[in-house]
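For reference, the structure discussed in these notes is given below.
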Amino acid sequence: MARILGIDYGNKRVGLAATDALQIIASPLETIHAKDVLAYLKAYTQRESVEAIVVGMPRRLTGEATDATPHVIGFVRKLQKEFPGIPVHTVDERFTSNMAQKAMLAGGLKKKDRQDKGTVDRVSAAIILQSYLESRAI
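If you read the sequence shown in the working numbering, its first letter stands for residue 1, the second for the next number, and so on.
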């Protein structure tokens with residue numbers, strides 16, 4: 001089976017996660033600069049088979065768009081243009097940063113590592129991807 005990629009998009013940093021080949025578990029992959037994300041994804045899709053891409057969509061608690069939402073929508077459009085054969089899905093990303101912090105604390109990461117925004121972005125991407133996997137199973 002092909003992998004599924006998860007993306008926590010930000011204007012500066014992008015957290016990436018990927019499933020295992022059986023699409024059971026999402027694992028943090030990389031944190032890269034936003035300007036390099038498309039090149040990274042092109043290289044990744046050349047060496048790995050990718051079935052779908054899941055992008056976290058920022059929303060307020062009320063479900064309304066945030067200031068970051070238009071940037072993510074623009075990024076999703078770029079993905080659809082660059083990878084026309086790969087479906088791009090969006091997932092509500094409310095609370096993922098908070099969940100990532102809790103997961104890192106529960107996992108025993110040191111305070112210094114938990115404060116690294118790149119680590120938070122990678123773990124957030126994994127949470128976004130895992131929530132997508134779980135929603136498919138229902």
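We put the beta carbon where it would ideally sit given N, CA and C, even for glycine.
None of these values were measured; they are calculated from a predicted model.
Reduced DSSP category for residue i - H, G, I as helix; E, B as strand; rest coil
i, result
"Asp8", "strand"
"Ser27", "strand"
"Arg59", "strand"
"Asp36", "helix"
"Leu16", "strand"
"Glu51", "strand"
"Ala125", "helix"
"Ala43", "helix"
"Thr119", "helix"
"Thr66", "coil"
Cβ-based neighbour list, residue i, same chain, cut-off 7 Å, excluding 5 preceding and 5 following
i, result
"Val76", "Val55, Val88, Thr90"
"Val72", "Tyr9, Val55, Met57, Pro58"
"Lys78", "Leu38"
"Asn11", "Ala34, His71"
Presumed contact (8 Å Cβ cut-off) between residue i and residue j, rounded CB distance
i, j, result
"Asp36", "Ser124", "With 8 Å as the limit, Asp36 and Ser124 do not qualify as a contact, their Cβ atoms being about 18 Å apart."
"Glu17", "Leu29", "First, the amino acid is wrong: residue 17 is Ala here, not Glu. Yes, they are in contact, since the Cβ atoms of Ala17 and Leu29 sit about 5 Å apart, within 8 Å."
"Arg3", "Glu48", "6 Å"
Residue i classed as buried or exposed, judged by whether at least 16 other C-beta atoms fall within 10 angstroms
i, result
"Gln130", "buried"
"Gly6", "buried"
"Pro58", "buried"
"Ala21", "exposed"
"Ile53", "buried"
"Glu51", "exposed"
Chain-order list of residues whose beta-carbon lies under 6 Å from that of residue i (same chain, five-residue window excluded)
i, result
"Asp121", "Asp8, Arg13, Gly15, Thr31"
"Ala68", "Pro58"
"Leu61", "none"
"Thr19", "Arg3, Ile4, Ala26"
Min CB distance residue i to chain C below 7 Å
i, result
"Asp67", "Of the protein chains in this structure there is only one, and it is not chain C."
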